[in-house]
Amino acid sequence: YQYTPLHHPESIRLLTLLYGEFSSPIHVRLAEVRLSKKPQYEALSYSWATEGGDTSLSSQIVCDEGKTLAVTKNCELALRYIRKGDSLTTLWVDAICINQQDIKERGHQVGIMRNVYANATKVLVWLGEGSE
């Protein structure tokens with residue numbers, strides 16, 4: 079997936095999680111928004127690592143027009159459980175909404191992360207799949 083650079087210091091990316099069945103591939107659309115416009119979104123807080131400590135980018139989601147983006151297994155699982163079968167969900171997920179390869183962008187976005195969480199309509203916390 080190729081990120082488009084953010085155009086404004088108060089801009090963030092939000093993802094629209096498309097509806098689907100639990101086991102179907104995860105599809106999202108990314109869009110740039112300004113925090114000052116008070117967009118409606120939920121923020122996801124989660125550990126990048128699975129219970130076993132795996133932080134590898136071993137899962138794939140489909141972004142925008144069929145391009146794939148590698149994410150951690152824990153991120154993919156969180157999106158599967160959040161996804162609705164019949165409606166869209168607007169989210170901010172750090173691993174997806176921040177271009178992790180762009181050091182300058184990542185540093186700036188981490189600096190405004192408090193505002194990102196504070197402006198969310200809800201903060202979802204994913205603790206992982208339960209132990210058996």
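Numbered by my numbering, the letters in the sequence shown go through residues 79 to 210 in order.
C-beta atoms are modelled at their ideal positions from N, C-alpha and C, and glycine is treated no differently.
Please read all numbers here as calculations on a predicted model, not as lab measurements.
According to DSSP, residues forming a beta bridge with residue 95: As a first step, residue 95 must be located in the sequence shown, where it is residue number 17. Beta-bridge pairing links residue 95 to 106, 167.
Residue(s) in a DSSP beta bridge with residue 141: Start at 1 with the first residue of the sequence shown, and residue 141 comes out as number 63. Partner(s): 106, 145.
Endpoints, beta strand (DSSP E) assigned at residue 124: If you number the sequence shown from 1, residue 124 lands on position 46. Counting along the chain, the beta strand (DSSP E) containing residue 124 begins and ends at 120 to 124.
Integer Cβ distance of residue 168 from residue 113, believed to fall under 8 Å: Counting from one through the sequence shown, the residue named residue 168 turns up at place 90. Counting from one through the sequence shown, the residue named residue 113 turns up at place 35. About 14 Å separates the two Cβ atoms, so there is no contact after all.
Outcome for residue 181 when other beta-carbon atoms lying within 10 angstroms are tallied against a minimum of 16: Indexing the sequence shown from 1 puts residue 181 at position 103. By the neighbour-count rule (16 or more Cβ atoms within 10 Å), residue 181 is not buried but exposed.
Beta-carbon proximity of residue 164 to residue 122, cut-off 9 Å: Locating residue 164 in the sequence shown gives position 86, where the first residue counts as 1. Locating residue 122 in the sequence shown gives position 44, where the first residue counts as 1. Cβ distance not < 9 Å, so residue 164 and residue 122 don't count as in contact.
Beta-carbon proximity list for residue 146, same chain, < 8 Å, skipping 5 on both sides: Your numbering for residue 146 matches position 68 in the sequence shown. So the list reads 79, 138, 139, 140, once near-sequence residues are dropped.
Three or more C-beta pairs below 8 Å linking the segment 144 to 160 and the segment 181 to 198: no
CA-to-CA distance, residue 94 to residue 107, given in whole angstroms: Sequence index remark: in the sequence shown, residue 107 carries index 29 (1-based). Sequence index remark: in the sequence shown, residue 94 carries index 16 (1-based). For residue 107 and residue 94, the distance between alpha carbons rounds to 5 Å.
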